[in-house]
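Each remark here refers to the structure printed beneath this line.
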Amino acid sequence: MLDRKFIVENAAAVKLNCRQRGVPEQVDALVNYELQRREKLKRLEELNRLANEVAKSIGQLPDAAAREARKEEGRRLREEKDQVQREHDELDRQVHEIQLRLPNMAHPDAPIGDDDLANVELSRGKHAPRVFDFPALDHLQIGEKWSWIDFEGGARTTGAGFYFLKGELVLLDLALQQFAVNELLRRGYTPTITPDLAQDSILEGIGFLPRGPETQVYSIHDSTLSLIGTAEITLGGLYSGQVLDETQLPIRICGISHCYRTEAGAAGRAGRGLYRVHQFTKVEMFAFTTPETSEALHEELKQIECELFDALEIPYRVVDTATGDLGGPAHRKFDLEAWMPGRGQGGEWGEVTSTSNCTDYQSRRLNIRYKRAGEKGTHYVHTLNGTAIALSRALIAILENHQLADGTVRVPSCLHPYLGRTTLGG
RNA sequence: GGAGAGGUGGCUGAGUGGUCGAAAGCACCGGUUUGCUAAAUCGGCGUAGGGGUCAAACCCUACCGCAGGUUCGAAUCCUGUCCUCUCCGCCA
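Here it is in structure tokens:
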């Protein structure tokens with residue numbers, strides 16, 4: 131969420147930003163409501179002050195008749211105050227509603243464009259896409275060969291888009307989680323296992339708007355809880371309402387959680403297999419920091435993602451996400467796209483990780499601030515998130531890139547300590 | 001799920017209708033004193049919004065888990081809700 135004062139004072143820039151991000155805006159209406167609201171607030175405070183004065187004076191009046199007269203005056207002020215209060219609250223609600231829908235301001239270097247076609251490739255990983263001397267299979271074909279992925283069972287028990295992982299693929303899944311968590315622990319990230327559900331208010335704070343018709347979110351009936359679409363939600367919510375000390379920052383955490391996504395409206399681009407599913411496991415990185423350091427930390431998250439996928443020996447490219455594809459909260463976003471030999475005709479890049487600097491957009495909604503020693507007042511922290519390993523897509527990348535001619539799969543050496551074997555299948 | 005207790009400032013903890021934004025202690029910051037440390041002593045010490053100032057001082061408003069209600073006036077009374085603790089039941 132953007133600061134109201136900022137919106138009022140920079141209306142033109144906010145509008146331009148919305149246009150570049152492809153988000154409809156009502157900035158003019160917001161400015162209008164907000165200016166009216168401030169007037170109401172002044173009047174409201176004035177009435178409160180008068181009513182307080184009257185109330186205070188009553189206790190000191192010795193004469194009963196005089197007290198009654200003052201009481202009547204107090205009642206009158208109170209009624210007028212209530213009326214102004216209602217008007218103020220209505221304006222406040224309208225401002226807030228518009229404000230919630232405005233996206234974060236984009237980084238000046240973020241490529242401007244409508245969608246992912248405008249993304250700019252920044253770099254490539256250490257490993258180039260492999261040239262196969264046999265017909266490469268996709269991950270579903272490999273999985274079928276060894277009975278590793280059971281979508282039919284998932285559909286029977288739960289519904290389309292759900293699946294069972296089975297056999298050795300489970301070992302690979304667990305090994306990837308352990309690998310990621312260990313690598314992050316080594317880099318100063320505190321490992322956590324987060325709840326898989328969160329309060330709707332937290333989802334809203336992070337920037338997922340639950341329960342609309344376009345929602346990506348599963349809600350729990352008769353409650354204010356939803357299944358999380360990413361641990362970003364719970365990790366970001368972890369310090370909601372808190373005032374941190376600057377010396378605690380940056381706070382680096384990683385969280386393992388399940389991720390649930392309805393993928394409403396995505397039926398047409400469902401893709402094959404594990405690429406777009408309703409549930410997967412993810413190891414997520416999250417950080418809280420100061421405005422001065424968030425950009426450097428964003429680089430760090432990107433760098434870690436690169437190191438993990440280099441270690442897994444998976445070819446990838448890094449892209450700088452275009453304004454139209456940033457979503458609401460991100461100020462800037464980098465994606466890692468892994469080469470997936472089984473996608474499309476002869477392979478395609480597919481997003482496997484994503485890291486965003488959300489600046490103070492989430493912290494303002496979640497009210498996460500920090501205090502500087504010797505300075506009065508508080509500031510909003512900057513929040514950042516990044517995927518370490520999204521299991522479903524990482525599994526695709528590993529199966530498809532490391533498959534051998536006989537359908538077995540070579541295990542990259544970084545996973546050997548966690549997997550206890552060098553080949554899967556057979 | 002049942003029964004009870006409680007949620008007050010960084011912490012402990014007073015406060016049951018009228019200058020209470022809130023006693024006191026601890027912690028913290030600053031001054032004084034002391035050869036150093038410790039101790040003593042004085043002062044300061046919440047957040048947010050608005051006004052004011054070159055900057056401050058200062059002024060106003062809101063906030064005692066949260067949301068409502070009663071009242072001229074609520075931390076204090078009422079209702080709902082969330083959370084914590086204790087005991088019982090159930091249970092991986």
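For the first sequence, the working numbering assigns the number 131 to the initial residue and increments by one for each residue that follows. Note that the Cβ used here is the ideal one computed from N, Cα and C, for glycine as well. Remember, predicted model here, so these are calculated numbers, not experimental data.
Can you give the beta carbon distance from residue i to residue j, rounded, assuming they're within the 8 Å contact cut?
i       : j       : result
Lys-211 : Ala-181 : 6 Å
Gly-335 : Arg-495 : 4 Å
Ala-248 : Gly-454 : 7 Å
Ala-527 : Ile-444 : 5 Å
Val-225 : Lys-170 : About 11 Å; that fails the 8 Å criterion.
Arg-449 : Phe-464 : What sits at residue 449 in the sequence shown is Val, not Arg. Sure, about 7 Å apart at Cβ, within 8 Å.
Lys-501 : Glu-422 : Not really, about 15 Å apart at Cβ, beyond 8 Å.
Arg-167 : Asp-222 : 6 Å
Thr-485 : Ala-240 : The Cβ separation is near 13 Å, so there is no contact.
His-408 : Phe-294 : No, His-408 and Phe-294 are not in contact; Cβ-Cβ is about 13 Å, not under 8 Å.
Leu-545 : Leu-368 : Incorrect: roughly 29 Å between the Cβ atoms, too far for contact.
Ala-394 : Thr-345 : 6 Å
Among the options, which has the Cα closest to the Cα of residue i?
i       : options                               : result
Ile-386 : Pro-154, Ile-519, His-428 and Leu-549 : Ile-519
Ala-328 : Thr-322, Ile-350, Arg-316 and Gln-307 : Ile-350
Ala-124 : Asn-515, Phe-410, Tyr-500 and Glu-505 : One cannot answer for residue 124 here, as it falls past the ends of the chain, which runs 131 to 556.
Asp-244 : Lys-275, Cys-148, Asp-219 and Arg-205 : Cys-148
Ala-426 : Trp-469, Gly-366 and Asn-487          : Asn-487
His-257 : Ser-356, Cys-436, Glu-251 and Thr-360 : Cys-436
Ala-441 : Ile-332, Tyr-369, Glu-467 and Ala-310 : Ala-310
Thr-360 : Ser-353, Glu-414, Gln-307 and Gly-318 : Glu-414
Asp-330 : Tyr-348, Ile-137 and Asn-515          : Tyr-348
Asn-162 : Gln-533, Glu-183 and Ile-228          : Ile-228
Asp-246 : Gly-367, Leu-357, His-509 and Gly-152 : Gly-152
Asn-178 : Arg-208, Leu-374 and Trp-278          : Arg-208
Tyr-405 : Thr-483, Ala-305 and Tyr-510          : Thr-483
Ala-468 : Gly-204, Gly-255, Ala-196 and Arg-391 : Gly-255
Gly-537 : Gly-273, Val-250 and Ala-394          : Gly-273
His-461 : Ala-195, Ala-196, Lys-412 and Asn-234 : Asn-234
Pro-259 : Pro-542, Ser-543, Leu-545 and Glu-530 : Glu-530
Tyr-510 : Ile-434, Ser-370 and Arg-200          : Ser-370
Lys-412 : Tyr-319, Thr-320 and Ser-522          : Ser-522
Pro-265 : Leu-160, Leu-431, Pro-238 and Gln-475 : Gln-475
Glu-164 : Leu-301, Arg-134, Glu-430 and Leu-191 : Arg-134
Ser-424 : His-237, Thr-287 and Glu-251          : His-237
Leu-374 : Glu-313, Lys-432, Gly-507 and Leu-301 : Gly-507
Glu-298 : Glu-183, Arg-499, Trp-278 and Gln-433 : Trp-278
Glu-203 : Glu-251, Leu-252, Glu-183 and Gly-366 : Glu-183
How long is the line joining the alpha carbons of residue i and residue j, rounded to whole angstroms?
i       : j       : result
Trp-479 : Thr-364 : 29 Å
Phe-262 : Gly-403 : 21 Å
Arg-316 : Gln-150 : 39 Å
Arg-473 : Asp-490 : 37 Å
Gly-289 : Asp-280 : 12 Å
Lys-275 : Gly-283 : 16 Å
Ala-503 : Ser-493 : 20 Å
Asp-268 : Gly-556 : 17 Å
Thr-354 : Asn-497 : 19 Å
Arg-540 : His-532 : 5 Å
Thr-322 : Glu-362 : 12 Å
Ala-566 : Phe-136 : What is shown of the chain runs 131 to 556, which leaves residue 566 out entirely.
Gln-271 : Pro-154 : 43 Å
Glu-220 : Tyr-446 : 50 Å
Thr-392 : Gly-477 : 26 Å
Glu-217 : Glu-176 : 15 Å
Leu-357 : Pro-547 : 33 Å
Cys-389 : Ile-188 : 60 Å
Arg-197 : Pro-459 : 55 Å
Pro-471 : Glu-481 : 13 Å
Glu-505 : Ala-199 : 47 Å
Pro-325 : Leu-333 : 13 Å
Leu-431 : Leu-160 : 35 Å
Arg-499 : Leu-132 : 15 Å
Quick check for students: name the residue ranges of the alpha helix (DSSP H) that lie wholly in the region 471-507, counting only runs of 4 or more. Within the region 471-507, the complete alpha helix (DSSP H) runs of at least 4 residues are 491-496.
When the Cβ atoms of the region 369-385 are set against those of the region 417-424, are three or more pairs found closer than 8 Å? Touching, yes.
Any chance you could list the alpha helix (DSSP H) runs of at least 4 consecutive residues sitting entirely within the region 144-171, in chain order? Whole alpha helix (DSSP H) segments, 4+ residues: zero.
Please give me, in chain order, every unbroken run of the alpha helix (DSSP H) with length at least 4 that falls completely inside the region 322-377. Entirely contained in the region 322-377, the alpha helix (DSSP H) runs reaching 4 residues are, in chain order, 330-336 and 361-367.
Curious, which full-length beta strand (DSSP E) runs of at least 3 residues does the region 377-430 contain? Taking only runs of at least 3 residues, the beta strand (DSSP E) segments lying wholly in the region 377-430 are 381-390 and 409-419.
Give the list of continuous alpha helix (DSSP H) stretches no shorter than 4 residues that lie fully inside the region 219-290. For the region 219-290, the full-length alpha helix (DSSP H) segments reaching 4 residues or more read 269-276 and 281-287 along the chain.
Is the region 543-552 in contact with the region 508-517, if contact means three or more CB pairs nearer than 8 Å? No: fewer than three Cβ pairs fall under 8 Å.
Run through the region 510-535 for me and flag every whole beta strand (DSSP E) of 3 or more residues, listed as ranges in chain order. Every unbroken stretch of the beta strand (DSSP E) spanning 3 or more residues and falling wholly within the region 510-535 is given here in chain order: 512-520.
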